[in-house]
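Student: One structure follows; several queries about it will come next.
In this note's numbering, the protein residues as written are 4 to 285.
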């Protein structure tokens with residue numbers, strides 16, 4: 004009992020030290036959240052999502068066909084990509100991201116990647132969706148069972164998708180990019196779900212395998228783009244808030260990384276930022 008009490012006291016002490024340790028960051032984060040409605044974000048995006056079929060196909064080994072022909076032929080034969088619209092996917096994502104930024108209080112403008120004149124003349128943040136790529140592939144699965152010293156195996160493929168996002172951040176000064184953009188990356192993947200089991204057919208004394216897969220659907224991908232657009236808006240808020248903390252506390256080592264619960268407005272510590280910054284190698 005004494006050990007449990009000591010352990011509880013130690014945990015409370017650690018929690019108290021954490022709260023004391025990141026008080027400056029929390030104060031600055033709270034300041035950022037109360038002033039972000041004054042921040043203008045220009046959201047720039049291309050018209051479509053790049054789609055790639057990575058499913059092996061006999062057409063890959065045909066030497067006389069151009070790579071472009073193979074690329075489009077594989078898209079038409081793919082199970083998921085062939086049902087999707089590149090432009091609608093992008094529209095779902097960007098519209099949802101803008102909605103998320105608007106709900107958090109930012110003044111958000113949406114422009115096309117073809118636009119050369121920015122819609123604002125004052126200082127702003129330029130968020131450029133450099134590229135989104137949707138890859139469709141297969142995920143090999145092996146299920147095994149051991150029965151009477153014999154191993155039975157079933158091999159099959161599940162469908163999978165991977166989404167890759169490259170997002171550029173820059174500052175606009177009087178409507179003009181101030182410097183070279185910083186590039187950030189994030190990804191999302193999904194593998195089809197399945198249920199499978201072995202069953203011994205006593206009549207023939209053979210082991211049979213039964214499986215049922217829940218395939219990735221067009222509706223799932225469309226909904227995922229909407230969800231990710233909103234989630235990435237929250238991620239951008241987290242990134243910008245921590246940039247602001249770093250600007251205010253440039254000399255503090257090991258600054259705490261913070262995020263905010265958008266439903267209750269509570270700040271909490273995170274282990275890493277939601278996007279990976281891609282930096283050029285020296």
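Note that CB positions come from ideal geometry on N, CA and C, so glycine has one too.
Keep in mind the model is a prediction, meaning the values are calculated, not measured.
(1) What residues in its chain sit with their C-beta under 6 Å from that of residue 133, if we drop five residues either side in the sequence?
(2) Return the chain-ordered list of same chain residues with a C-beta closer than 6 Å to the C-beta of residue 216, the five sequence neighbours on each side being excluded.
(3) Considering only residues of the same chain and omitting the five flanking positions on each side of residue 241, which have a CB-CB separation below 6 Å?
(4) Alpha carbon to alpha carbon, what distance is there between residue 116 and residue 124?
(5) With a threshold of 7 Å on Cβ separation, who are the neighbours of residue 14 within its own chain once the five nearest residues in sequence on each side are excluded?
(6) Assuming residue 47 and residue 130 make a contact with CB atoms under 8 Å, what is their CB distance in whole Å?
(7) Starting from the N-terminal side, write out each stretch of the beta strand (DSSP E) that is 3 residues or longer and does not extend beyond the region 147-192.
(8) Residue 162 and residue 83 - do their beta-carbons sit closer together than 8 Å?
(9) Report yes if the C-beta distance between residue 87 and residue 186 is below 8 Å; otherwise report no.
(10) Rounding to the nearest angstrom, what Cα-Cα distance links residue 160 and residue 218 in this structure?
(11) Exposed or buried, which one is residue 268 when buried takes at least 16 other CB atoms within 10 Å?
(12) Got a sec? Which residues, its chain only, sit under 6 Å from residue 251 by beta carbon, not counting five neighbours each side?
(13) Can you tell me the Cα-Cα spacing of residue 3 and residue 189, whole angstroms?
(14) Please work out which residues of its chain come closer than 6 Å, Cβ to Cβ, to residue 135, disregarding the five sequence neighbours upstream and downstream, and give them in chain order.
(15) My output table needs one value for residue 248: the three-state DSSP class, helix, strand or coil.
(16) Just to confirm the assignment, what range does the alpha helix (DSSP H) spanning residue 70 have?
(17) Going by the CB atoms, is the gap between residue 139 and residue 64 shorter than 8 Å?
(18) Helix, strand or coil, according to DSSP, for residue 95 in the structure here?
(19) When you compare each of 103, 75, 78, 72 to residue 265 by their alpha carbons, which one comes out closest?
Tutor: So, to answer that:
(1) Position 130 of the chain shown, counted from the start, is the residue given in the question as residue 133. Result list for residue 133: 169, 171, in chain order.
(2) Position 213 of the chain shown holds residue 216. So the list reads 195, 197, once near-sequence residues are dropped.
(3) Sequence index remark: in the chain shown, residue 241 carries index 238 (1-based). The residues are 262, 277.
(4) On the chain shown, residue 124 is found 121 positions in, with the first residue counted as 1. On the chain shown, residue 116 is found 113 positions in, with the first residue counted as 1. Roughly 18 Å separates the two Cα atoms.
(5) As a first step, residue 14 is located in the chain shown; it is residue number 11 there, counting from the start. Model confidence at residue 14 stands at a pLDDT of 37, short of 50, so the residue's coordinates are unreliable and nothing is read from them.
(6) Indexing the chain shown from 1 puts residue 47 at position 44. Indexing the chain shown from 1 puts residue 130 at position 127. About 7 Å; that satisfies the 8 Å criterion.
(7) 153-176
(8) Within the chain shown, the letter at position 80 stands for residue 83. Within the chain shown, the letter at position 159 stands for residue 162. Yes, these two residues count as a Cβ contact at 8 Å.
(9) Position 84 of the chain shown, counted from the start, is the residue given in the question as residue 87. Position 183 of the chain shown, counted from the start, is the residue given in the question as residue 186. It is not a contact, given that the beta carbons lie outside the stated cut-off.
(10) Indexing the chain shown from 1 puts residue 160 at position 157. Indexing the chain shown from 1 puts residue 218 at position 215. Their backbone Cα atoms lie some 11 Å apart in a straight line.
(11) What you label residue 268 is simply residue 265 of the chain shown in a count that begins at 1. Exposed is the call here.
(12) Numbered from 1 along the chain shown, position 248 holds the residue referred to as residue 251. Around residue 251: 31.
(13) As shown, the chain starts at 4 and ends at 285. That puts residue 3 outside it, with no answer to give.
(14) Residue mapping note: residue 135 aligns to position 132 of the chain shown, counting from 1. 52, 168.
(15) As a first step, residue 248 is located in the chain shown; it is residue number 245 there, counting from the start. If DSSP states are grouped into helix, strand and coil, residue 248 belongs with the helices.
(16) Residue 70 sits at position 67 when you count from the first residue of the chain shown. Looking at the DSSP string, the run of the alpha helix (DSSP H) that includes residue 70 is 70-80.
(17) Position 61 of the chain shown, counted from the first residue, corresponds to residue 64. Position 136 of the chain shown, counted from the first residue, corresponds to residue 139. Not a contact, by the Cβ cut-off of 8 Å.
(18) Translated into the one-based positions of the chain shown, residue 95 becomes position 92. Helix, per DSSP.
(19) Position 262 of the chain shown holds residue 265. Ranking the options by Cα distance to residue 265, first place goes to 103.
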